[in-house]
Structures are given as C-alpha cells and as structure tokens.
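Just below is one structure, and these are the notes that go with it.
Next up, the structure:
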C-alpha cells in the first residue's frame, strides 16, 4: 500500500533543539492530521526511523509519511495542466468528468487521473481538491498535493477571485448586474437549489460579453455570453441566480435550460487569482472556453 509524504523539510539551522510536536505545529498541520501522524505516521530524521518523542535539532532532515485513508484506482487521463509546482496542481477539467469516485462510479474521475499522473511522473502525492466543480462544468480546479497544503489554504483564509464564462438562453440587456439572492436546498430534493430568504447569502456579479443568434430548423434562438464573478461559493450558485433572473444556462435542464444546442450546462471556470499559501506568490490563471460553448457563439 502506497504512502504519501506529508512533511519533508530541513529544520532551520538557527533552531535550537525542539520536540517533534513543536516542529509539526508550525507546518500548518491540522489537529486531526497531527493525531494521525503521531499514531500512524512513518517518521524519519536524517534517514533514521524516529518517533514522536525524538528531539529535532537545527539542520535535521525531517520526513513524515502516512498511508492514505482512502486509495483510488489509477486511470490514464489526458490532463490539461494549467499550472504546477511542488505544492499544487491546477487542472482545466473537461466537462463530463467527476471530481472523485462515488459509490457507483469508481474509475475515470479526476482523482483517478491525477493519481495516475503522479505515478507516471514519480510524484508521491495525494488528491486534495481545494474546491470542486460539478461534473458537467468545465474549467479550472486547484488540487493541493498534500493535506498540509490543503490545510494552509484554510488556515490562511485564502481568498479566490473566481470568474466563470457562461452562455445563457435569451438576450440579456447589456448592463452589469449584481445578484444578491440567498440560496438554499429546495425542499424534497437532495440536488436542486433555489433562491430563498431562508438560504445562505450569495452574490454574483454579471458582465455581458456579447450576444449571438443561433438558428435552428424552425426557430431563432438568442444566446448571451456573460462573465460571472463569484463573491460566495454556494452550490449551483451561478445556475440558480441566472435561472431566477429569467436567463437559464444553455443546456441546464435542471434549472430551465434546453438541451437542443448543447448537452450540458454552458458553464466554464475560466479564471482564478489568489495568493499561493506556501510561497505567497500572486497567481493569475486562466483556461480557454471549450469548443462546445464556443460553437454556441459562432
């Protein structure tokens, strides 16, 4: 069974002798992970097996590994990598790909593909998504390579500036729109959401990029290309807000769209900007809109 490296560091040479626990607390390790490392971790100091009670000195090489709590099978996948370093992997996810296995789908999810990529590139990391996209939403997904990096995103309260490309049915007036409608789970459904005063706050800024008219055999269909900037991250937020506005996403039959022109909701996570939690570098990443959405605008 494979193990994943959680910590691999050279202790600062200026550091005096310290306990293992004190060193670990400085590495953005959650309390739950510290417990697992203490009870189940494989610990080495200068390539020698060590324990939680081993004292660590300046200049020591400390490595901690854990067996993953859940292992996924490996599935070859043509990953569109937007950015990668030793801490994070940023993928332009294709529409139709689940983020991770479910009780009924065990293979060919993004998790299976990323783990296969790690094996092929001799990287000993796990799959820790920082955020998620619906199966039929394409675009940028940020994956932390270790639980330490994932926890650092939370610990530092990293703010993401996330912008989506969307194509709605109808001719939306060319004026900026800000939607501030709370969203909650629709009664009687485990999937569908709706706008309700009992829901959680949700804000979406909408900018109109352009209009186009697609012709079918017996009708004229208007489409509007919009850019959506999220200030909150509610489930189905863009889909619900635009549907409530009266302009559902093309292909989003759950919220009033039609499948005549595209076979999935026309939504793409196109841009994300944030401070890297480990290096503090400001990153601005983007992914082109896929062909099935571009075809609606041709």
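Numbering (the working numbering), first residue to last: 2 to 299. Glycine included, every Cβ here is placed at the ideal spot set by N, Cα and C.
Determine the contact status of residue i and residue j, defining contact as a CB-CB distance below 9 Å.
i: residue 203; j: residue 267; result: no
i: residue 64; j: residue 30; result: no
i: residue 67; j: residue 116; result: no
i: residue 201; j: residue 193; result: no
i: residue 269; j: residue 138; result: yes
i: residue 271; j: residue 140; result: yes
i: residue 77; j: residue 153; result: no
i: residue 36; j: residue 22; result: no
i: residue 263; j: residue 289; result: no
If you follow the beta strand (DSSP E) that residue i is part of, which residue opens it and which one closes it?
i: residue 239; result: Not the beta strand (DSSP E): residue 239 falls in the alpha helix (DSSP H), residues 238-246.
i: residue 49; result: 49-51
i: residue 90; result: 89-94
i: residue 82; result: 82-85
Taking all protein chains shown into account, do 16 or more other C-beta atoms lie within 10 angstroms of the C-beta of residue i, making it buried, or fewer, making it exposed?
i: residue 283; result: exposed
i: residue 211; result: exposed
i: residue 118; result: buried
i: residue 10; result: exposed
i: residue 250; result: buried
i: residue 177; result: exposed
i: residue 20; result: exposed
i: residue 165; result: buried
i: residue 79; result: exposed
i: residue 33; result: exposed
i: residue 2; result: Note that residue 2 scores a pLDDT of 45, beneath 50, so its modelled location is shaky and nothing firm can be said.
i: residue 25; result: buried
i: residue 261; result: exposed
i: residue 97; result: exposed
i: residue 258; result: buried
i: residue 280; result: exposed
i: residue 191; result: exposed
i: residue 50; result: exposed
Identify the residues that DSSP records as bridge partners of residue i: which are they?
i: residue 130; result: 144
i: residue 285; result: 274
i: residue 187; result: Looking at the DSSP assignment, residue 187 forms no beta bridge with any residue, so it has no partner.
i: residue 169; result: 225 and 250
i: residue 197; result: Beta-bridge pairing links residue 197 to no other residue.
i: residue 204; result: 181
i: residue 9; result: 64
i: residue 256; result: DSSP lists no partner for residue 256.
i: residue 44; result: 51 and 65
i: residue 14; result: Paired residues: none, contrary to the question.
Which same chain residues end up closer than 7 Å to residue i when comparing Cβ atoms and leaving out the 5 residues on each side of it in sequence?
i: residue 14; result: 59 and 60
i: residue 196; result: 182, 183, 184, 241 and 245
i: residue 126; result: 5, 119, 146 and 147
Using a Cβ-Cβ cutoff of less than 6 Å, which residues in the same chain neighbour residue i once the five nearest sequence positions on both sides are dropped?
i: residue 110; result: 99, 101 and 102
i: residue 81; result: 93
i: residue 48; result: none
i: residue 18; result: 56 and 58
i: residue 248; result: 169, 171 and 173
i: residue 159; result: 275 and 278
Starting from residue i, trace the alpha helix (DSSP H) in both directions and tell me its first and last residue.
i: residue 119; result: 111-121
i: residue 66; result: Taken as a continuous stretch (DSSP letters only), residue 66 belongs to no alpha helix (DSSP H), being part of the beta strand (DSSP E) at 62-67.
i: residue 39; result: 32-41
i: residue 22; result: 21-26
i: residue 296; result: 292-298
Taking 8 Å as the cut-off, is the beta-carbon of residue i closer than that to any non-hydrogen atom of the ligand GDP?
i: residue 226; result: The ligand GDP is not part of the structure shown, which contains no ligands of any sort.
If you drop the 5 nearest sequence neighbours on each side, which residues of the same chain put their C-beta closer than 8 Å to that of residue i?
i: residue 179; result: 204, 205, 206 and 207
i: residue 218; result: Reliability of the predicted coordinates at residue 218 is poor, the pLDDT of 46 falling under 50, and no value is obtained from them.
i: residue 41; result: 67 and 68
Consider the Cβ of residue i: report whether some Cβ of chain C lies at a distance smaller than 9 Å.
i: residue 186; result: Structure shown: chain C not included; a single protein chain is present.
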